[in-house]
Each structure stands twice: as C-alpha cells, then as structure tokens.
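Engineer:
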Amino acid sequence: MLPQGLAETLVDSGLLLADQAEAALVMAQQESIPFVTLLIRRGMTDSGRLAATIADCFGYPLLDIDAIDINACPADALDRGYLQKHRVLPLQLPATDAASTALLVVFADPASLQVLDDIRMQTGRDVNAVVADGPRLWQLLDHVLTETTSGNSPSDAVLREIHADDHRQNGITALLDTANNAPANSPDSRTDDAPLVRFVDNVLHDAICRQASDIHIEPFETSVRIRCRVDGSLREIIRPPANLAPRIISRIKVMADMDISERRLPQDGRLRMTIKNGNHHSTTRHGTRIVDFRVSSMPTLWGEKVVLRLLDSSASCKNMDDLGYDPGQQALYRAALQKSQGLILVTGPTGSGKTVSLYAGLDLINTQERNISTAEDPVEIQLDGINQVAVNKRSGLDFATALKAFMRQDPDIIMVGEIRDQETADIAVKAAQTGHLVLSTLHTNSAAGSIVRLLNMGVPAYNLCGSLSLVIAQRLVRRLCPACKAPAAASQEQLRAAGMTAAQSVDARLFTPVGCKHCHQGFSGRVCVAEVLPMSTEINQLILDGASASDIADAARAMGHLSLRESALTRVARGELSLADADRLTL
Numbered sequence: 003m004l005p006q007g008l009a010e011t012l013v014d015s016g017l018l019l020a021d022q023a024e025a026a027l028v029m030a031q032q033e034s035i036p037f038v039t040l041l042i043r044r045g046m047t048d049s050g051r052l053a054a055t056i057a058d059c060f061g062y063p064l065l066d067i068d069a070i071d072i073n074a075c076p077a078d079a080l081d082r083g084y085l086q087k088h089r090v091l092p093l094q095l096p097a098t099d100a101a102s103t104a105l106l107v108v109f110a111d112p113a114s115l116q117v118l119d120d121i122r123m124q125t126g127r128d129v130n131a132v133v134a135d136g137p138r139l140w141q142l143l144d145h146v147l148t149e150t151t152s153g154n155s156p157s158d159a160v161l162r163e164i165h166a167d168d169h170r171q172n173g174i175t176a177l178l179d180t181a182n183n184a185p186a187n188s189p190d191s192r193t194d195d196a197p198l199v200r201f202v203d204n205v206l207h208d209a210i211c212r213q214a215s216d217i218h219i220e221p222f223e224t225s226v227r228i229r230c231r232v233d234g235s236l237r238e239i240i241r242p243p244a245n246l247a248p249r250i251i252s253r254i255k256v257m258a259d260m261d262i263s264e265r266r267l268p269q270d271g272r273l274r275m276t277i278k279n280g281n282h283h284s285t286t287r288h289g290t291r292i293v294d295f296r297v298s299s300m301p302t303l304w305g306e307k308v309v310l311r312l313l314d315s316s317a318s319c320k321n322m323d324d325l326g327y328d329p330g331q332q333a334l335y336r337a338a339l340q341k342s343q344g345l346i347l348v349t350g351p352t353g354s355g356k357t358v359s360l361y362a363g364l365d366l367i368n369t370q371e372r373n374i375s376t377a378e379d380p381v382e383i384q385l386d387g388i389n390q391v392a393v394n395k396r397s398g399l400d401f402a403t404a405l406k407a408f409m410r411q412d413p414d415i416i417m418v419g420e421i422r423d424q425e426t427a428d429i430a431v432k433a434a435q436t437g438h439l440v441l442s443t444l445h446t447n448s449a450a451g452s453i454v455r456l457l458n459m460g461v462p463a464y465n466l467c468g469s470l471s472l473v474i475a476q477r478l479v480r481r482l483c484p485a486c487k488a489p490a491a492a493s494q495e496q497l498r499a500a501g502m503t504a505a506q507s508v509d510a511r512l513f514t515p516v517g518c519k520h521c522h523q524g525f526s527g528r529v530c531v532a533e534v535l536p537m538s539t540e541i542n543q544l545i546l547d548g549a550s551a552s553d554i555a556d557a558a559r560a561m562g563h564l565s566l567r568e569s570a571l572t573r574v575a576r577g578e579l580s581l582a583d584a585d586r587l588t589l
C-alpha cells in the first residue's frame, strides 16, 4: 500500500486527523524517511493501534512483543548494520516446528517488507513476516544489537574467510596485488571454493532467480551497493563493506575477460553462467540453462562501477499470443509476417521487449522452406532453425557488414538487431524492396517517430514507402498485483481528462498498488502496451509530402489504430495497470 493509501486508512480509522495525515506525508517526503517511521518517531498516533491497522491492511499476523524470547534471535542471521538500517528483527522458529529452519521477521514499518527477499538470499532460509508495535520493537532491537556481536551473516562469513586468507599472505595489500596481477586462468582468480568467488556467484545466481534484467555494483566510501533491476525498477540486494569493492570488481572483470589492471578507462566484456537444477556450474551440460552477461565498467569517485546486463540465451521464445498485443494488433503483425517482402520495425526504449516481439514473429514463420538469418549484438534468444550471427565491432563485423553478407546467402528473411546508421538503414530498405522480409528495431518513442527517424538518417522517402510494411511501438508497464490491488476512486471528469473515451470512463475499474507478501511493492511482472501502425496509401502519401510525426500519428488514429496512450488507458480501465504508471510511460 502506498503512503497516501495508508494515510487515508488511518484517517478513516480515527488514528489521524486529515490535516495530520497530510502534514505527515509532506514531512516524510521532505525528510526522505518512510511515512510510518515518521509517525512512530514523532509519536503522532497510538503505536499499538497503528501496528494492528498495518497488520490488517497488509494481511500479516500481529505479534505481541512480550511473547518474544530474546534467545530466539539468531546471532548468525544478519549483520548488525543491516538490522539497524532496515529496523527488522529476525527470530528463529521453535525447533519443534516443522519449518524450524525458517526465520520469523518482525517489522513495524511496511517499507521494511521490501527486504524480505534480500533476507531469504542472505540467509538461505524461508522467511515469514509479522507486525509488532513500533517503539517496543525498536527498543528490543537496540537491546539485541547491543548484546550480540556482529560479523555472523553470510557476507561477514565471506569477509572472515577473506581476512584469514589475507593474514596467511601477510596482509590485504599482498592478497589484492596477487588478485590484480594474476592471469585470467590462474588458480587465484578461478578457484571455485574461494569465499569471494562464492559470494559473486551467489549474487549472479540470485539475480537470475529474481528474473532481473541488470545488476549494478556501485562502490561508495563505506560500502558497495549491489542492486538488481526487476520489472523495470532497481532494488537493493546487499551492501558488502567497502574494502571488498576491488575484490568483487576484479572477480567480475576476470570472469568477463576484461583487463583487471586497467581501472582508469571504461571497459566492456562478456561472461557466461550455466544453471542446472537451481545451481550454477562452470561447464555446459545437457539440461542446463545458459545465461550470458554483458559487462560494462566505469571509473567513479570511489572505484569502478560495474553493470551487468543479463542475456538469457536459453530463454524460450514467446508465443505470439503471449506478447500482450490486443487481437487487432496481433492480426496486423501476423499479416505483415506472412508477406514475402517488406520491412517490419519494432521500436521503443531499451528494455521494452523489442527483441522478444521480433523472436515471437520469427518463431511463427520459422519453417523448413525459409532461410532465416539474424545479426544481433549480442544474440539474446536462441532459436533452432535460424542462422544467428553475433556482431563484433572489434573484429570488423558490424550490422552493415553482416547484412551485406546475408544478401549473398540466398536469404528469405533477415533480422537485424538494430538500425543504428544510414548504411544499415539503406541496406535493410533495399533488401526489403528486393524480395526479402526484413525485421529490425529502432530506439524511438512512437511508431510515427520511427518513420521520421529513417528519413532523417537519409533514407529517401520513395524507398521507404516502397519497403516499410509495419511499425510497432511498445513499452513494458508494471502489472498490478492481482492479490492485493485496491480499488481507486476517480471522477468521470478525471478519467476523461486522462484521455479515456466516454465509454471507457463509464466502465473503467481503476486500481492502485498496495503491497503484500506475494509482491511486496504492489506489482507483479510487466505487460506489453503497444501501438501498431500498418502502412497504407494515405500514410505513404504523407511520407512523400514530408509530413511530421504528429501528422502521421493523427492519420493513424483517424484510421482506427490505437496510440500507445490509448492502449495503456485500455488496460488501466480493465484494472491491469495503474494510471500513474500509464502516465509515466506514455505521456
């Protein structure tokens, strides 16, 4: 539940006056602290009733602080800094319990719910959550942290082992020098049972399990922040101490065949991990899942920052019906794919699912009678029956070079990962005019904008009209969690102002994110929102006349094709998306 929704609930329950709630929301934003934490710190309401209301709203049990046995606080669960930061208390369930290895995590502020997955990762245990009275919980937590010693979490265990190794090699400096100067295939850099190696492997494996798209490893003065991008949003996973930063970065660079001695310039690399039965291994075997990582390093104030993009090479190709297009849009895409020639473009920002949409199309037309070749940077999805080429600029193989080679390979269908320059655009357009079906992507905001982009690249208007068949613009928008989304009130005037039609505004069922034990933040996965623009005589004439992107978009809407905004509002009206997310991605 968002702070605004919780504030309204507290007002309805008589725990806050309306002006108090409004003031508290403003203060929480100004002080950059969670709404409930501010209420507890300032004593603005009865903490016991507040805890009961939170338990009721979020569906978690309410725990009596007096029932907590301080001896049930496992010293090896998490480090003190983590508990102090997130204000949660882990408890060991009784040994007689069937799930005696599980942890019971006590929280007072719903903002703490986002760390449940992190605790599962760090401890390797199942986690259940309960709510408790805030001030009393924090008092007990401070007592526990005072009485217990730090350094018992899995991260601290890694650090202890590393320090033990350091001691055996006469200090941290000696060990770091050994790591930094070791060749990529040396035992020091590849030992599978080394603590730091296990830590890095666990971070990568956890990101794969979370279905993350990116991993960010960011050094700061006192810690290393490790975050994953899941469903389009970055989430902090763990914060190792700052003295581990060079070691973590060096390990990643060794795995990605990057120069570990070069820390002043950006570098790029790639690494591969294989997963089998939930575990990672160093070699590919039957039944394993291969995940490639594209690695980028950048020097920053406190050391090198590394970002890894996950590329699941063995991810299954989506069925056309699973893309999320509405029936009319899907029919237009299918029709364009059945043509013997023409150019099909899928456009949108990075991470909008363009490659997935292209491969769903390729899978539909992948038959024994067709010769299909793709040029990609890198190959993200493997599909049997097509010839996939990974472009490599360093070796001189770019998109344009690959396209020229494809034209000498008797192609029926060509897929180009991205049209980035005029040369690639010219070759793709000419191929689409000479009996080949060509699919590719562009980084533009709209379908009409893609047409203007190609014209600005230098593609003649008459060639574009003779080759372009279909343009799809799309976004991936967070889906509201079906388990906890709550109805949201909106007037007809507000809905009409947002862009809904009269019919949509009457039948609209708006919802807002809440957050529960299934999703923690109110969202579960993402859905594709798209606009599909087929070429027509009218659109071609506008291109020849030099019309603007807005003129082309207006003509498409007049022909009955939904814009991105209209497609998003349709899903908002059905209760799949929040209006705020639709506004954020389509306005």
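Note that my numbering has the sequence shown beginning at 3, numbered continuously upward.
Built from N, CA and C at the ideal position, the CB exists for glycine as well.
Is P462 helix, strand or coil by DSSP?
Structural biologist: For the purposes of this step, residue 462 is identified with residue 460 of the sequence shown, where counting begins at 1. Looking at P462 - three-state DSSP - the assignment turns out to be coil, as it is neither helix nor strand.
Engineer: Would you call A20 buried or exposed, if buried means 16 or more other Cβ atoms sit within 10 Å of its Cβ?
Structural biologist: Numbered from its first residue, the sequence shown carries residue 20 at position 18. By the neighbour-count criterion, in which 16 or more other beta carbons inside 10 Å mark a residue as buried, A20 falls on the exposed side.
Engineer: With burial defined as no fewer than 16 other Cβ atoms inside 10 Å of the residue's Cβ, what is the status of Q331: buried or exposed?
Structural biologist: Along the sequence shown, one-based indexing puts residue 331 at 329. The residue in question, Q331, is buried, as its Cβ has 16 or more Cβ neighbours within 10 Å.
Engineer: Give every residue of the same chain whose Cβ lies closer than 6 Å to the Cβ of K356, excluding the five residues on either side of it in the sequence, and list them in chain order.
Structural biologist: Walking along the sequence shown from the start, residue 356 turns up at place 354. Cβ within range, chain order: V348, G350, T443.
Engineer: What do you reckon, are the CB atoms on A131 and V38 nearer than 8 Å?
Structural biologist: For the purposes of this step, residue 131 is taken as residue 129 along the sequence shown, with counting starting at 1. For the purposes of this step, residue 38 is taken as residue 36 along the sequence shown, with counting starting at 1. The answer is no: Cβ separation not under 8 Å.
Engineer: Check for me: the beta strand (DSSP E) holding V2 runs from which residue to which?
Structural biologist: In this structure the chain extends from 3 to 589, so residue 2 is not present and cannot be described.
Engineer: Could you compute how far the alpha carbon of V308 sits from the alpha carbon of I254?
Structural biologist: For the purposes of this step, residue 308 is taken as the residue at position 306 of the sequence shown. For the purposes of this step, residue 254 is taken as the residue at position 252 of the sequence shown. About 8 Å.
Engineer: Please classify Y464 as buried or exposed, where buried requires at least 16 neighbouring CB atoms within 10 angstroms.
Structural biologist: Here the question's residue 464 lines up with position 462 in the sequence shown. Y464 should be labelled exposed.
Engineer: Look at the Cβ atom of I70, then the Cβ atom of L93, and state whether they are nearer than 8 Å.
Structural biologist: Stepping through the sequence shown from its first residue, residue 70 is reached at position 68. Stepping through the sequence shown from its first residue, residue 93 is reached at position 91. A contact, by the Cβ cut-off of 8 Å.
Engineer: Give the single residue among G234, T503, Y62 whose Cα lies nearest to the Cα of V529.
Structural biologist: On the sequence shown, position 527 is the one that residue 529 refers to. Checked all of G234, T503, Y62; the closest Cα to V529 is G234.
Engineer: Sorted by chain position, which residues of the same chain lie with C-beta nearer than 8 Å to L105's C-beta, five sequence neighbours on each side aside?
Structural biologist: Your numbering for residue 105 matches position 103 in the sequence shown. Within the same chain, P76, A79, P92, L93, Q94, L95, I121, T125, R127, D128, V129, N130 come within 8 Å of L105 by CB-CB distance, once the 5 residues on both sides are set aside.
Engineer: Here's the rule I'm using: 16 or more other beta-carbon atoms within 10 Å means buried, otherwise exposed. How should Q411 be labelled?
Structural biologist: By one-based count along the sequence shown, residue 411 stands at place 409. By the 10 Å Cβ count, Q411 comes out exposed.
Engineer: Any contact of the segment 436-450 with the segment 547-564, i.e. 3+ C-beta pairs under 8 Å?
Structural biologist: yes
Engineer: For S152, which of helix, strand or coil comes out of DSSP?
Structural biologist: As a position in the sequence shown, residue 152 is number 150, starting the count at 1. Because S152 carries a pLDDT of 42, less than 50, the predicted location of this residue cannot be relied on, and the following value inherits that uncertainty. Of the three classes helix, strand and coil, the one that applies to S152 here is coil, per DSSP.
Engineer: Is it buried or exposed, C211, if we count other Cβ atoms within 10 angstroms and call 16 or more buried?
Structural biologist: Start at 1 with the first residue of the sequence shown, and residue 211 comes out as number 209. So C211 ends up on the exposed side.
Engineer: From D414, D386, D379, N389, pick the residue whose C-alpha is nearest to that of F401; which is it?
Structural biologist: Position 399 of the sequence shown, counted from the start, is the residue given in the question as residue 401. The residue with the shortest Cα to Cα distance from F401 is D379.
Engineer: When you compare the CB positions of R559 and F525, do they come within less than 8 Å of one another, or not?
Structural biologist: As a first step, residue 559 is located in the sequence shown; it is residue number 557 there, counting from the start. As a first step, residue 525 is located in the sequence shown; it is residue number 523 there, counting from the start. Their beta carbons are not under 8 Å apart, which means R559 does not touch F525 by this criterion.
Engineer: Measuring straight from C-alpha to C-alpha, what distance separates L497 and S507?
Structural biologist: Numbered from 1 along the sequence shown, position 495 holds the residue referred to as residue 497. Numbered from 1 along the sequence shown, position 505 holds the residue referred to as residue 507. Spanning the two alpha carbons is a distance of roughly 6 Å.
Engineer: Rounded to the nearest angstrom, what separates S42 and L139 at their Cα positions?
Structural biologist: Numbered from its first residue, the sequence shown carries residue 42 at position 40. Numbered from its first residue, the sequence shown carries residue 139 at position 137. Per the sequence presented here, residue 42 reads as Ile, with Ser not at that position. So the alpha carbons of these two residues sit roughly 11 Å apart.
Engineer: What is the DSSP secondary structure of M1, counted as helix, strand or coil?
Structural biologist: Nothing about residue 1 can be reported from this structure: the residues present for the chain run from 3 to 589 only.
Engineer: Among R200, L466, V133, E420, which has the Cα closest to the Cα of A434?
Structural biologist: The residue given as residue 434 occupies position 432 in the sequence shown. Of R200, L466, V133, E420, the residue nearest in Cα terms is L466.
Engineer: Measure the Cβ-Cβ separation of L312 and V293 and say whether it is below 8 Å.
Structural biologist: Counted from its first residue, the sequence shown places residue 312 at position 310. Counted from its first residue, the sequence shown places residue 293 at position 291. Against a cut-off of 8 Å, the Cβ pair of V293 and L312 comes out as a contact.
Engineer: Would you mind sorting G16 into buried or exposed? The rule is 16 or more other CB atoms within 10 Å of its CB.
Structural biologist: Position 14 of the sequence shown holds residue 16. Classification for G16: exposed.
Engineer: Run through DSSP, which three-state label would F222 get?
Structural biologist: Taking the first residue of the sequence shown as position 1, residue 222 is located at position 220. Residue state, collapsed to three classes: coil.
Engineer: How is M561 classed by DSSP in three states: helix, strand or coil?
Structural biologist: Working through the sequence shown from its first residue, we reach residue 561 at position 559. It is coil, neither helix nor strand.
Engineer: Looking only at its chain, what residues have a beta carbon closer than 7 Å to the beta carbon of L571, apart from the 5 residues adjacent to it on each side?
Structural biologist: One-based indexing of the sequence shown puts residue 571 at position 569. So the list reads A500, G501, M502, Q506, A584, once near-sequence residues are dropped.
Engineer: Quick check: what's the CA-CA separation for P248 versus R396?
Structural biologist: Sequence index remark: in the sequence shown, residue 248 carries index 246 (1-based). Sequence index remark: in the sequence shown, residue 396 carries index 394 (1-based). For P248 and R396, the distance between alpha carbons rounds to 27 Å.
Engineer: Reducing DSSP to helix, strand and coil, say where V107 ends up.
Structural biologist: Here residue 107 refers to the residue found at position 105 when the sequence shown is read from its first residue. In the structure shown, V107 sits in a strand (DSSP, three-state: E or B).
Engineer: How about S299 and E306: do their beta carbons lie closer than 8 Å?
Structural biologist: Locating residue 299 in the sequence shown gives position 297, counting from the first residue. Locating residue 306 in the sequence shown gives position 304, counting from the first residue. Contact: yes.
Engineer: Using only CA atoms, which one of T436, R200, R44, R422 lies nearest to N458?
Structural biologist: Taking the sequence shown and counting its residues from 1, one reaches residue 458 at position 456. If we check each option's Cα against that of N458, R422 comes out closest.
Engineer: Quick one: what's got a C-beta closer than 8 Å to E425's C-beta in the same chain, skipping five residues either side?
Structural biologist: On the sequence shown, position 423 is the one that residue 425 refers to. Around E425: A402.
Engineer: Distance check for Y327 and R455, CA to CA, integer angstroms please.
Structural biologist: On the sequence shown, residue 455 is found 453 positions in, with the first residue counted as 1. On the sequence shown, residue 327 is found 325 positions in, with the first residue counted as 1. The alpha-carbon atoms of R455 and Y327 are separated by roughly 24 Å.
Engineer: Taking just the CA atoms, how far does R576 sit from K519?
Structural biologist: Residue mapping note: residue 519 aligns to position 517 of the sequence shown, counting from 1. Residue mapping note: residue 576 aligns to position 574 of the sequence shown, counting from 1. Computed Cα separation, rounded: 24 Å.
Engineer: Helix, strand or coil for V534, going by three-state DSSP, please let me know.
Structural biologist: Taking the sequence shown and counting its residues from 1, the one referred to as residue 534 is at position 532. V534: strand per DSSP, three-state reduction.
Engineer: My guess is that I346 and S469 are in contact by the Cβ rule of under 8 Å, so how many angstroms apart are they, rounded?
Structural biologist: In the sequence shown, the residue the question calls residue 346 occupies position 344. In the sequence shown, the residue the question calls residue 469 occupies position 467. With 8 Å as the limit, I346 and S469 do not qualify as a contact, their Cβ atoms being about 10 Å apart.
Engineer: Can you tell me which of Q32, C59, A54, A532 puts its alpha carbon nearest to the alpha carbon of I67?
Structural biologist: As a working mapping, residue 67 is identified with position 65 in the sequence shown. Closest by C-alpha distance to I67, out of Q32, C59, A54, A532, is A54.
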